[in-house]
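Numbering (my numbering), first residue to last: 3 to 351.
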């Protein structure tokens with residue numbers, strides 16, 4: 003988000019087009035479908051090795067539009083119980099029946115799918131998950147999930163919001179890192195996380211794109227992204243394609259954090275993970291707020307996640323690592339966290 007190169011490149015991209023309005027001026031089905039969209043969506047489809055891409059104004063809009071329109075009445079949606087609110091809201095707006103399965107539990111998913119398939123043999127089944135979960139930073143076994151989908155002729159939908167820019171040889175995400183592009187019905191990629199700009203896209207077949215253009219209400223009934231927003235997305239993807247130093251630095255920083263978690267003996271509070279998201283579970287809103295404030299007073303922007311955003315007893319600190327974090331910063335953070343936990347525990351006792 004603070005890259006001068008991306009800022010400058012976005013202006014270069016805009017300068018190659020005749021001067022136009024600063025805003026999109028309307029929905030893409032009316033006046034808002036400026037020329038940059040088709041170039042950017044083609045670029046995105048090529049980068050992510052898929053047939054087509056369709057831009058949405060945000061990841062929330064993308065999940066809402068996809069899940070509220072594609073599954074039909076009589077269809078079945080199975081979703082991980084920790085899926086993002088945008089996924090759950092999209093499912094709630096759908097006419098399909100929906101059932102949640104235990105977090106990353108393939109046995110529970112298989113049992114649920116077997117039972118529902120027997121009850122309604124003709125239903126189309128959609129399985130929805132995230133490649134990196136936004137609160138815990140963990141990942142499902144996507145390959146095994148794809149095998150389950152193949153067995154039951156189900157369609158797999160994967161939200162890659164927190165994987166793009168982090169996983170894959172060029173930051174393409176978990177699906178491409180695993181070589182699973184052909185096994186996934188739809189992917190959602192967002193640009194407001196690692197890419198540091200705004201917007202999102204649904205990746206899939208050309209038929210899926212055509213369907214969404216005609217039936218996804220969060221696409222149809224909103225003003226489109228501005229030319230500048232689309233140019234920034236294109237500039238960010240160009241940077242992503244040619245640079246791996248930041249991704250390597252991020253991986254290095256993740257390893258440093260994991261080493262310091264062990265060094266300061268706080269493994270019981272931290273969830274292990276290989277993503278940039280790490281959570282320290284500190285049950286109780288007052289407790290987690292107090293420890294978060296201690297860290298903020300030390301100079302760290304670590305945010306408490308409180309109930310009811312997460313269930314009571316699952317309150318936590320959410321730590322998001324970046325490539326620009328230094329080894330000293332990470333070590334000091336974990337040491338400060340260790341000291342704050344000890345101090346809070348003594349005060350409570």
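Backbone N, C-alpha and C fix where the C-beta goes; we use that ideal spot for every residue, glycine too.
Residue i and residue j: beta carbons closer than 8 Å?
i: residue 34; j: residue 221; result: no
i: residue 356; j: residue 268; result: No answer is possible for residue 356: the residues shown for the chain start at 3 and end at 351.
i: residue 135; j: residue 158; result: no
i: residue 194; j: residue 242; result: no
i: residue 88; j: residue 61; result: yes
i: residue 5; j: residue 173; result: no
i: residue 284; j: residue 337; result: no
i: residue 146; j: residue 108; result: yes
i: residue 323; j: residue 278; result: yes
i: residue 111; j: residue 144; result: no
i: residue 69; j: residue 203; result: no
i: residue 339; j: residue 281; result: no
i: residue 127; j: residue 161; result: no
i: residue 218; j: residue 71; result: yes
i: residue 77; j: residue 98; result: yes
i: residue 175; j: residue 133; result: yes
By the DSSP assignment, the beta strand (DSSP E) with residue i in it spans what residues?
i: residue 82; result: 78 to 82
i: residue 360; result: Not covered by the structure: residue 360. The range shown for the chain is 3 to 351.
i: residue 56; result: 54 to 58
i: residue 305; result: 305 to 307
Specify the secondary structure class of residue i as computed by DSSP and reduced to three states.
i: residue 174; result: coil
i: residue 206; result: strand
i: residue 232; result: helix
i: residue 70; result: helix
i: residue 46; result: helix
i: residue 212; result: helix
i: residue 110; result: helix
i: residue 241; result: helix
i: residue 24; result: coil
i: residue 61; result: helix
i: residue 226; result: coil
i: residue 138; result: coil
i: residue 122; result: coil
i: residue 19; result: coil
i: residue 183; result: helix
i: residue 197; result: coil
i: residue 51; result: coil
i: residue 316; result: coil
i: residue 39; result: helix
i: residue 12; result: helix
Look up residue i in the DSSP assignment and give the residues it is bridged to.
i: residue 132; result: 161
i: residue 3; result: In DSSP, residue 3 forms no bridge with anything.
i: residue 280; result: 321
i: residue 191; result: 203
i: residue 272; result: 282
i: residue 127; result: 78
What span of residues does the alpha helix (DSSP H) with residue i cover, start to end?
i: residue 249; result: 247 to 265
i: residue 423; result: Outside the shown range of the chain (3 to 351) lies residue 423, about which nothing can therefore be said.
i: residue 95; result: 87 to 95
i: residue 147; result: 144 to 154
i: residue 31; result: That residue, residue 31, is in no alpha helix (DSSP H); it is neither H nor E in DSSP.
i: residue 297; result: 287 to 300
i: residue 221; result: 219 to 222
Taking 7 Å as the cut-off, is the beta-carbon of residue i closer than that to any non-hydrogen atom of the ligand FAD?
i: residue 269; result: Ligands are entirely absent from the displayed structure, and the ligand FAD is therefore not among its contents.
Run the CB neighbour count on residue i, radius 10 Å, all protein chains shown included, and call it buried at 16 or more, exposed below.
i: residue 236; result: buried
i: residue 214; result: buried
i: residue 48; result: exposed
i: residue 74; result: exposed
i: residue 216; result: exposed
i: residue 250; result: exposed
i: residue 295; result: exposed
i: residue 131; result: buried
i: residue 182; result: buried
i: residue 1; result: In the structure as shown, the chain begins at 3 and stops at 351. Residue 1 is therefore absent and cannot be evaluated.
i: residue 272; result: buried
i: residue 313; result: exposed
i: residue 36; result: buried
i: residue 208; result: exposed
i: residue 2; result: There is no way to answer for residue 2, as the model of the chain reaches only from 3 to 351.
i: residue 228; result: buried
For a cutoff of 8 Å on Cβ pairs, would you count residue i as touching chain D?
i: residue 315; result: As a matter of chain content, chain D is missing from the structure shown, which is built from one protein chain.
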